[in-house]
Amino acid sequence: MLPESIASLSVVPMLLYVIRKRAEIGAFAWLLFSFACLLKAFEFLQANDYVNFCIFCLGTLFFILMAKAIISRNSPTFQEVTAFSALACIFYFPFVFISPLNDAIIETTAFLSAALGKTLGYSITAHGRILELNGSSVEIILACTAIESMALFAGATLGINAETRIKLKAFAISVPTIYFLNLFRNVFVIVSHSYSLFGENSFYIAHHVVAKFFSFIALLAIAYAVFRILPELTELIYSLKEEIIRGVKGD
């Protein structure tokens, strides 16, 4: 929980940066967030989750470069990106630290995953956060609820400067879709594990390889749909790329 605690603390300087627009506050916020990402990367490494380890290492580098660019340029682009990032964190961290919310989203996801599995012909049963099938069981944890991706898209779609109607449309297309597809992911993992579809390493292959690959493809497709609906977000990302390049070069 240390990475999550540090990342949640970074929300305070993020909000201060958005309000006061001082470069040193913004740089500190993103350096703090990058440190949390680095700690999380090593947690994934210890769990043999090499995909997320690489992603979080790249994220650490990106956030450090962003902090440097803020010191160099401190443009409104950084302030807008920080605003929707803070909003994403505000969506996410209550589910991490508030036990009733944590239990509610996990147990609801387990129940809906079991219900979907039964609809697809698999007699999956849910007992709290535990899914059982064919004598095997899998525990649903917070990461299995897709709350991270949902919070990211919620922050990006609702925190951007755009017409409210368009933002709500982008939110409606992205966040519920992510949650619904994640239920299929959970069913796939429990079925693969329970029936050893990939041999003795079925859980690892299903969860860390196959499911991650298709989750990545799905997120790309959802992001594309959001960009089509919300061109302001596309422009912001392009602007962020240019600002970071110029900031790192010292232009």
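Counted the way the working numbering counts, the sequence shown spans residues 123 to 373. Beta carbons: idealized from backbone N, C-alpha and C, even for Gly.
Identified DSSP bridge partners for residue i
i	result
residue 253	248, 260
Distance CB(residue i)-CB(residue j) smaller than 8 Å
i	j	result
residue 128	residue 154	yes
residue 234	residue 245	no
residue 267	residue 299	no
residue 312	residue 260	yes
residue 288	residue 358	no
residue 81	residue 348	With the chain covering 123 to 373 only, the question about residue 81 has no answer from this structure.
residue 310	residue 345	no
residue 175	residue 167	yes
residue 188	residue 366	yes
residue 306	residue 314	no
residue 210	residue 169	no
Candidates the options, of which the one nearest residue i by Cα
i	options	result
residue 368	171, 179, 195	195
residue 161	170, 178, 197, 172	178
residue 271	287, 340, 286	340
residue 163	355, 279, 181	181
residue 264	227, 248, 342, 365	227
residue 281	206, 142, 136	206
residue 126	203, 171, 219, 201	219
residue 251	229, 147, 345	229
residue 215	191, 249, 157, 124	124
residue 186	170, 297, 150, 285	150
residue 297	308, 370, 278	278
Residue range of the alpha helix (DSSP H) that includes residue i
i	result
residue 317	Here residue 317 belongs to no alpha helix (DSSP H), and DSSP marks it neither H nor E.
residue 225	221-241
residue 174	172-194
residue 154	145-168
residue 356	353-371
residue 332	Looking at the DSSP string, residue 332 is not in any alpha helix (DSSP H), and its letter there is neither H nor E.
residue 277	269-280
residue 130	124-131
is_contact[residue i, chain D] using C-beta, thresh 8 Å
i	result
residue 288	In summary, chain D is missing from the structure at hand, where a single protein chain is found.
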